[in-house]
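Residue numbers (the numbering used here): 5 to 231.
Ideal Cβ positions, reconstructed from N, Cα and C, are used throughout, including at glycine.
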């Protein structure tokens with residue numbers, strides 16, 4: 005199936021609300037688990053001077069989990085959608101997490117050199133971010149600018165199905181009882197996603213071939229490593 009890009013930013017209030025209300029706890033928790041396992045594998049311990057950036061953090065689900073899991077580490081979620089960050093900051097206002105904050109930053113502007121984030125991260129994570137970029141090299145380029153030397157990377161995203169029929173089957177299987185607006189957005193995301201082979205080639209061309217790409221299940225792949 006040929007890739008069909010979707011809008012880079014989710015800003016329509018009804019879409020944002022549906023996404024924020026959805027239960028992605030299984031997928032969100034797996035990002036945190038992957039980071040825990042990788043830290044253990046490489047024998048690295050995070051400390052209070054470290055910074056974790058959640059790229060395209062959306063409503064903050066993963067940033068919250070990370071901040072609670074490592075309460076002594078500074079965690080910053082960045083996103084280019086003000087609507088999404090409104091949802092994230094609303095939750096943070098209700099239940100404060102002292103080591104967590106959010107910043108409105110359009111990732112493309114970092115990749116293009118139009119702005120510089122004032123800190124570099126020790127850990128960069130993202131979930132379902134890559135497929136939103138019309139030019140995936142903007143995503144990888146931004147990561148190279150945002151991470152310190154020896155930065156740990158955990159990036160998770162959807163795998164594009166082989167056909168529209170398969171995409172429809174996956175949508176119905178995994179979002180059976182979800183609102184139609186969420187089903188529509190999920191279907192669009194499946195069509196906008198990349199294959200494992202495409203991501204592997206992207207990393208080679210971006211000079212990030214040290215990162216490993218592997219398929220997790222029928223829905224997701226993961227990019228992991230230290231550069």
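What residue range does the beta strand (DSSP E) around residue i cover?
{"i": "residue 236", "result": "For the chain, the structure presents residues 5 to 231; residue 236 sits outside this window and is missing."}
{"i": "residue 55", "result": "55 to 59"}
{"i": "residue 125", "result": "125 to 131"}
{"i": "residue 81", "result": "78 to 83"}
{"i": "residue 108", "result": "104 to 108"}
I'd like to check one pair, residue j with residue i: are the Cβ atoms closer than 9 Å?
{"i": "residue 59", "j": "residue 50", "result": "no"}
{"i": "residue 83", "j": "residue 117", "result": "no"}
{"i": "residue 41", "j": "residue 77", "result": "no"}
{"i": "residue 207", "j": "residue 158", "result": "no"}
{"i": "residue 142", "j": "residue 125", "result": "no"}
{"i": "residue 81", "j": "residue 97", "result": "no"}
{"i": "residue 177", "j": "residue 191", "result": "no"}
{"i": "residue 146", "j": "residue 112", "result": "yes"}
Among residues of its own chain, excluding the 5 on either side of residue i, which ones have a beta-carbon nearer than 7 Å to its beta-carbon?
{"i": "residue 135", "result": "161, 162, 193, 196, 197, 198"}
Exposed or buried, what is residue i when buried is set at 16 or more other beta-carbons lying within 10 Å of its beta-carbon?
{"i": "residue 109", "result": "buried"}
{"i": "residue 119", "result": "exposed"}
{"i": "residue 91", "result": "buried"}
{"i": "residue 69", "result": "buried"}
Along the chain, where does the alpha helix (DSSP H) containing residue i start, and where does it finish?
{"i": "residue 208", "result": "200 to 209"}
{"i": "residue 159", "result": "Premise fails: residue 159 lies in the beta strand (DSSP E), 151 to 162, not in any alpha helix (DSSP H)."}
{"i": "residue 218", "result": "From DSSP, residue 218 is part of no alpha helix (DSSP H) but of the beta strand (DSSP E) over 216 to 219."}
For residue i, which residues from the same chain have a beta carbon less than 6 Å from its beta carbon, with the 5 sequence-adjacent residues on both sides left out?
{"i": "residue 105", "result": "80"}
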